[in-house]
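Undergrad:
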Amino acid sequence: MQPTPANLSLEQLALLVNALPDPVFILTRSGRYAGIFGGTDLRYYHDGSALVGKQLHEVLVQEKADWFCQQIAQALAQQQLHIVEYGLGGRDVKGLEDGPDGRIWFEGRVQALPFLVACEEAVLWVASNITERHELETRLRHYCDTDELTGLYSRRRLMQALNEHFADFQRSAIPCSLLLFDIDHFKHINDDYGHQQGDQALQLAAKLCRQQLRPADICARLGGDEFVVLMAHTPPDLAMAVAERVRIQLAKGLKAQLSLAQGGSISGGLTAFGSGDSCSETVLKRADDALYEAKRTGRNRIVRADAPEQRQIR
Ligand SMILES: Nc1nc2c(ncn2[C@@H]2O[C@H](COP(=O)(O)OP(=O)(O)OP(=O)(O)O)[C@@H](O)[C@H]2O)c(=O)[nH]1
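Residue numbers (full-length UniProt numbering): 1 to 314.
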């Protein structure tokens, strides 16, 4: 028999494994808890010893248990460290389905074992409680994705959504339209009524714009007084009707609620994804050019710029 590391006796080795702060599970291919060690950090873990001998499907709801079994199969197939992140809440545990929705988040480090456990392939699953880190990441993502003043999507989140929708369009050719608009002579609102009133105008514009859209439409503040509306599954004719509604309702609302003597009308550029577009930036640029055209030709209007179509090769 090979000597144990550091010349520890088997008994000492067992004590050592049991002293690990994070819980370590031995899970078999069929989803049986064959053993549990460690988990001594009682700030983060409950005693899991009662699970030994049970099946994942006895403990967890079907969907969650299936997911665990898939990860076990993947770790066994890969024969290398498999790292997963997952949440567990009361609803995932059988008998607690009506419990609170709060989740504990874990990182699982899953490693195939080089021997059989009770005639079955098995993995070592080390579960680390990462709830604090996960919540911090979620908050950071929210800050990055949200425009602080208006609560709309940020520029960063918009560009991400634009790229995703463009990739969808290239696959499916389902129409998608984009409106870029701003408030005419917004600088005068700041100059005449103060920056705070200017901020309120931007917040109101965001609220009124959202009211004109379907829940699935994406509305973002690009920066300053520029806003973008991304309308998936919407051909430009339909989008033009939405854009006109946005233009009219925003101007009406801004003038009335902020008692503006002048300014507050809306100019916009509208376009749609086209088969001739190579990337989403081209679409945004076309909408920007159309907005410029709306400004140049007198403001208080939406200018539509049709998308280029790919030339047919005969
Ligand atoms: N209150 C407020 N003003 C902002 C904010 N961000 C940018 N601005 C101001 O918005 C104004 C935008 O003005 P411009 O882009 O020159 O355009 P405009 O006055 O709307 O004129 P046109 O677009 O040509 O009709 C600038 O005066 C910026 O200082 C903000 O977060 N709050």
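Where is the CB? At the ideal position from N, CA and C, for every residue including glycine.
So the candidates are Asn7, Ser278, Gly268 and Arg299; which of them puts its Cα closest to the Cα of Ala305?
TA: Gly268
Undergrad: At 4 residues or longer, what runs of the alpha helix (DSSP H) sit wholly inside the stretch 20–62?
TA: DSSP runs (the alpha helix (DSSP H)) wholly in the stretch 20–62: 56–59.
Undergrad: Measuring CB to CB, does Ala251 end up less than 7 Å from Ser265?
TA: yes
Undergrad: Skipping 5 residues on each side, what residues in its chain have a beta carbon closer than 8 Å to that of Val17?
TA: Leaving aside the five residues that flank Val17 on each side, the residues in its chain whose CB is nearer than 8 Å to its CB run, in chain order, Val24, Phe37 and Gly38.
Undergrad: Grouping DSSP H, G and I as helix and E and B as strand, with all else coil, what is Asp182?
TA: strand
Undergrad: Might you give, ordered along the chain, the residues of its own chain that have their beta carbon closer than 6 Å to the beta carbon of Trp125, omitting 5 neighbours on each side?
TA: Phe25, Leu27, Gly108 and Val110
Undergrad: Write down the C-beta distance between Asp168 and Arg156 rounded to the nearest angstrom, noting that I regard them as a contact closer than 8 Å.
TA: Not confirmed; about 19 Å, so no contact.
Undergrad: Which residue marks the beginning of the alpha helix (DSSP H) containing Glu164, and which one marks its end?
TA: Counting along the chain, the alpha helix (DSSP H) containing Glu164 begins and ends at Arg155 to Ser172.
Undergrad: Residues in the same chain with beta-carbon distance under 6 Å from Leu88, minus the five sequence neighbours each way, listed in chain order, please.
TA: These residues qualify, in order along the chain: Ile104.
Undergrad: Considering only residues of the stretch 76–119, which uninterrupted beta strand (DSSP E) runs meet the minimum length of 3 residues and lie entirely inside it, listed in chain order?
TA: 82–89 and 103–112
Undergrad: Could you tell me the distance, in whole angstroms, from the CA atom of Tyr193 to the CA atom of Leu202?
TA: 13 Å
Undergrad: Roughly how many angstroms lie between the CA atoms of Leu284 and Phe181, to the nearest whole one?
TA: 11 Å
Undergrad: Can you give me the C-alpha to C-alpha distance between Gln212 and Gln257, rounded to a whole angstrom?
TA: Going by the C-alpha atoms only, they are around 17 Å apart.
Undergrad: Within 10 Å of its beta-carbon, does Val303 have 16 or more other beta-carbons around it, so buried, or fewer, so exposed?
TA: buried
Undergrad: Should residue 317 and Thr131 be called a contact, given that it needs their Cβ atoms to be closer than 7 Å?
TA: Residue 317 is absent from the structure shown; the chain starts at 1 and stops at 314.
Undergrad: With H, G and I counted as helix, E and B as strand and the rest as coil, what does DSSP make of Gly276?
TA: Under the three-state reduction of DSSP output, Gly276 falls in the coil class, being neither helix nor strand.
Undergrad: Does the distance from the C-beta atom of Val228 to that of Ala220 stay below 7 Å?
TA: Yes; because the gap between Cβ atoms is below 7 Å, this pair is in contact.
Undergrad: Tell me whether the beta-carbon of Glu309 lies closer than 7 Å to the beta-carbon of Ser275.
TA: yes
Undergrad: Would you decide whether His165 is buried or exposed? Buried here means 16 or more other CB atoms lie within 10 Å of its CB.
TA: The residue in question, His165, is buried, as its Cβ has 16 or more Cβ neighbours within 10 Å.
Undergrad: Going straight from the alpha carbon of Ile313 to that of Ala241, what length do you get?
TA: Reliability of the predicted coordinates at Ile313 is poor, the pLDDT of 45 falling under 50, and the value obtained from them is presented with this limitation in mind. If you take the alpha carbons of Ile313 and Ala241, they lie about 34 Å apart.
Undergrad: How should Cys119 be labelled, buried or exposed, when 16 other C-beta atoms within 10 angstroms of its C-beta is the threshold for buried?
TA: exposed
Undergrad: Output the boundary residues of the beta strand (DSSP E) element that contains Gly264.
TA: Looking at the DSSP string, Gly264 is not in any beta strand (DSSP E), and its letter there is neither H nor E.
Undergrad: My understanding is that Ala122 touches Ala6, with C-beta atoms under 8 Å, so please give their C-beta distance in whole angstroms.
TA: Rounded, the Cβ-Cβ distance is 25 Å, inconsistent with contact.
Undergrad: Considering Leu248, what are the terminal residues of the alpha helix (DSSP H) in which it resides?
TA: Going by the sequence as given, residue 248 is Ile instead of Leu. Counting along the chain, the alpha helix (DSSP H) containing Ile248 begins and ends at Pro236 to Gln257.
Undergrad: Quick check: is any heavy atom of ligand 1 less than 6 Å from the C-beta of His190?
TA: Sequence inspection shows Asn at residue 190; the His mentioned does not correspond to that position. Result yes, Cβ under 6 Å from ligand 1.
Undergrad: Measure the alpha-carbon distance for Arg214 versus Thr282 and round it to whole angstroms.
TA: 25 Å
Undergrad: Taking 6 Å as the cut-off, is the C-beta of His185 nearer than that to any heavy atom in ligand 1?
TA: yes
Undergrad: Find out if the Cβ-Cβ distance for the pair residue 329, Gln55 is shorter than 7 Å.
TA: Nothing in the structure corresponds to residue 329, since the chain is present only between 1 and 314.
Undergrad: From this set, Leu222, Ser49 and Ser280, which residue's C-alpha is nearest Ser177's C-alpha?
TA: Closest by alpha carbon: Ser280.
Undergrad: State the start and end residues of the unbroken beta strand (DSSP E) segment that holds Ala205.
TA: First-last for Ala205: His195 to Gln211, but that is the alpha helix (DSSP H), not the beta strand (DSSP E).
Undergrad: According to DSSP, is Ile130 part of a helix, a strand, or is it coil?
TA: The answer is coil: DSSP assigns Ile130 none of H, G, I, E or B.
Undergrad: Compare the Cα-Cα distances from Pro114 to each of Gly48, Gln78 and Lys94 and report the closest residue.
TA: Gln78
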